[in-house]
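Trainee:
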Amino acid sequence: MLKLSACIDMLYRELDFYDRFAAAKRAGLDAVEFWGFQGRDLARVREECDKNGLTLAAVCVGGTGEAADRFNSRRLLYRDGIDDFVEVTKQSAKAAEVLGCKTFIITVGQERNDATRYEQHANIVLALKAAAPIFEDAGLTMVVEPLNVLCNHRGYFLPSSYEAFEILEEVGSPAIKLLYDIYHQQISEGNLIPTIEKNISLIGHFHVADNPGRHEPGTGEINYRKVFEAIDKTDYDKYVGLEYSNTIDTTETIRNTLELASF
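Per this note's numbering: the sequence shown = residues 70 to 332.
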């Protein structure tokens, strides 16, 4: 059975943030995740996880201060922004000590019109190489996320998982993996199962939602039973995050997805 995690920035939004942990546990999950840890009470997050027997599966790389402000506007696409990214990576590693989280999500930023794609690709590689030792030493994993540009993230630099895998190969660090978002990659390129099977050693996290609509599995065109079965047949032992907008009761969608992912 795959290990599923609820993205509580999208699920149980009718509840107070800190009540979503218990709701996810009651639905049958053993893990949660959310996006930014900035502005959250990190000790309270850890307390809710521990109290409910939950693992915090993933959060996004982030930080505070001037370096973080510059990083948020430039991400990984600027050579002179690498020091800011390293500082934010250090802050994320520090937050991990409190949160108990081992996986941090990174997006690369909006494509620049003043530099070639080759230059921007190279800058991403350099930035990840600079930050990788911090996560290696801390026993953490950073997962790079491609996003679709057709429906949700127009102008994003990295829609292609193929280019993302090339970046990871160039970085060459066990601490830098891919977040394979099945919803985004269905829109961007399809060919889900062969891509997953070929590159599973480079994947550190999954996100799921159906297409069209980014709703729960079973509402769209993706055969999630087959996709989950393909993942289950590999040696993948990390988390699969439920990052969708539900169309029916949240708990019912989670339990339905748990059934789809049970073998």
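Heads up, the beta-carbon is just placed ideally off N, CA and C, and yes, glycines get one too. Fair warning: this is a prediction, and the values are worked out from it, not measured in the lab.
Rounded C-beta distance between Ile272 and Tyr249? I'm assuming under 8 angstroms.
Mentor: Taking the first residue of the sequence shown as position 1, residue 272 is located at position 203. Taking the first residue of the sequence shown as position 1, residue 249 is located at position 180. Ile272 to Tyr249, Cβ: 5 angstroms. Contact.
Trainee: Decide yes or no for the touch test of the stretch 185-195 against the stretch 233-251: beta carbon pairs closer than 8 angstroms, at least 3 of them.
Mentor: yes
Trainee: How about the stretch 203-211 and the stretch 249-258: do they share at least three Cβ pairs that are nearer than 8 angstroms?
Mentor: Judged by Cβ distances under 8 angstroms, the stretch 203-211 makes no contact with the stretch 249-258, as fewer than three pairs qualify.
Trainee: In chain order, which continuous runs of the beta strand (DSSP E) of length 3 or greater are located wholly inside the stretch 146-232?
Mentor: 172-175, 210-213
Trainee: Is Val240 helix, strand or coil by DSSP?
Mentor: Taking the first residue of the sequence shown as 1, we reach residue 240 at position 171. Note: Val240 maps to helix in three-state DSSP.
Trainee: Please tell me whether Gly289 and Pro281 are closer than 9 angstroms, where the distance is taken between their beta carbons.
Mentor: Taking the sequence shown and counting its residues from 1, the one referred to as residue 289 is at position 220. Taking the sequence shown and counting its residues from 1, the one referred to as residue 281 is at position 212. In contact: Gly289 and Pro281 (Cβ atoms closer than 9 angstroms).
Trainee: What residue does the alpha helix (DSSP H) around Lys72 start on, and which one ends it?
Mentor: The residue given as residue 72 occupies position 3 in the sequence shown. Taken as a continuous stretch (DSSP letters only), Lys72 belongs to no alpha helix (DSSP H), being part of the beta strand (DSSP E) at 72-76.
Trainee: Determine the direct distance from the alpha carbon of Glu239 to that of Gly150, and round the result to whole angstroms.
Mentor: Working through the sequence shown from its first residue, we reach residue 150 at position 81. Working through the sequence shown from its first residue, we reach residue 239 at position 170. Computed Cα separation, rounded: 19 angstroms.
Trainee: Which residues does DSSP list as the beta-bridge partners of Glu102?
Mentor: For the purposes of this step, residue 102 is identified with residue 33 of the sequence shown, where counting begins at 1. BP columns for Glu102 point to Cys76, Ala127.
Trainee: Quick check on the DSSP output: the beta strand (DSSP E) that includes Phe275 runs from which residue to which?
Mentor: Walking along the sequence shown from the start, residue 275 turns up at place 206. Run containing Phe275: 272-277, per the beta strand (DSSP E) assignment.
Trainee: For Glu156 and Leu145, I'd like the C-alpha separation in whole angstroms.
Mentor: As a first step, residue 156 is located in the sequence shown; it is residue number 87 there, counting from the start. As a first step, residue 145 is located in the sequence shown; it is residue number 76 there, counting from the start. The straight-line gap from Cα to Cα measures roughly 13 angstroms.
Trainee: Under a three-way DSSP split, which group does Asp250 fall into?
Mentor: Translated into positions along the sequence shown, residue 250 becomes position 181. Reduced to three states, the DSSP call for Asp250 is strand.
Trainee: What is the DSSP secondary structure of Ile262, counted as helix, strand or coil?
Mentor: Stepping through the sequence shown from its first residue, residue 262 is reached at position 193. Ile262: helix per DSSP, three-state reduction.
Trainee: Using the rule of at least 16 other Cβ atoms within 10 Å of the residue's Cβ for burial, across every protein chain shown, is Lys120 buried or exposed?
Mentor: The residue given as residue 120 occupies position 51 in the sequence shown. Answer is exposed; the Cβ neighbour count stays below 16.
Trainee: Buried or exposed: where does Ser142 fall if 16 or more other Cβ atoms within 10 Å of its Cβ makes it buried?
Mentor: The count along the sequence shown starts at 1 and reaches residue 142 at position 73. With fewer than 16 other Cβ atoms within 10 Å, it is exposed.
Trainee: Please classify Ala112 as buried or exposed, where buried requires at least 16 other C-beta atoms within 10 Å of its C-beta.
Mentor: By one-based count along the sequence shown, residue 112 stands at place 43. So Ala112 counts as exposed.
Trainee: Nearest CA to the CA of Gly224: which residue from Leu216, Thr158, Ser331?
Mentor: Along the sequence shown, one-based indexing puts residue 224 at 155. Checked all of Leu216, Thr158, Ser331; the closest Cα to Gly224 is Leu216.
Trainee: Starting from the Cα of Leu197, find the closest Cα among Ala207, Asp152, Ala184 and give me that residue.
Mentor: Locating residue 197 in the sequence shown gives position 128, counting from the first residue. Of Ala207, Asp152, Ala184, the residue nearest in Cα terms is Asp152.
Trainee: Among the residues of its own chain, which have a CB less than 7 angstroms from the CB of Cys220, if the five just before and after it don't count?
Mentor: Taking the sequence shown and counting its residues from 1, the one referred to as residue 220 is at position 151. Counting only Cβ-Cβ distances below 7 angstroms, and skipping sequence neighbours, we find Ile256.
Trainee: Could you tell me which whole alpha helix (DSSP H) segments of length 4 or greater appear in the stretch 278-308?
Mentor: 293-301
Trainee: Tell me where the alpha helix (DSSP H) around Leu329 begins and ends.
Mentor: Within the sequence shown, numbered from 1, the residue matching residue 329 stands at position 260. That run of the alpha helix (DSSP H) goes 319-329.
Trainee: Near Gln160, what residues of its chain come up, given a Cβ to Cβ distance below 6 angstroms and the 5 sequence neighbours on each side ignored?
Mentor: Sequence index remark: in the sequence shown, residue 160 carries index 91 (1-based). Hits under 6 angstroms: Gly132.
Trainee: Kindly indicate the opening and closing residues of the alpha helix (DSSP H) around Phe140.
Mentor: Within the sequence shown, numbered from 1, the residue matching residue 140 stands at position 71. Element bounds for Phe140: 135-143.
Trainee: Is the separation between the beta-carbon of Ala165 and that of Phe173 shorter than 9 angstroms?
Mentor: Within the sequence shown, the letter at position 96 stands for residue 165. Within the sequence shown, the letter at position 104 stands for residue 173. Yes; because the gap between Cβ atoms is below 9 angstroms, this pair is in contact.
Trainee: Straight-line CA distance for Glu321 to Asn182?
Mentor: Residue numbering aside, residue 321 sits at position 252 when the sequence shown is read from its first letter. Residue numbering aside, residue 182 sits at position 113 when the sequence shown is read from its first letter. Rounded to whole angstroms, Glu321 to Asn182 spans 45 angstroms at the Cα level.
Trainee: For Leu84, which three-state DSSP category applies?
Mentor: Numbered from its first residue, the sequence shown carries residue 84 at position 15. It is coil, neither helix nor strand.
Trainee: Looking only at its chain, what residues have a beta carbon closer than 6 angstroms to the beta carbon of Ala207, apart from the 5 residues adjacent to it on each side?
Mentor: Numbered from its first residue, the sequence shown carries residue 207 at position 138. Excluding residues within five positions, the ones whose Cβ falls inside 6 angstroms are Ala162.
Trainee: State buried or exposed for Phe90, treating a residue as buried only when at least 16 other CB atoms are found within 10 Å of its CB.
Mentor: Taking the first residue of the sequence shown as position 1, residue 90 is located at position 21. The residue is buried, with at least 16 neighbouring Cβ atoms inside 10 Å.
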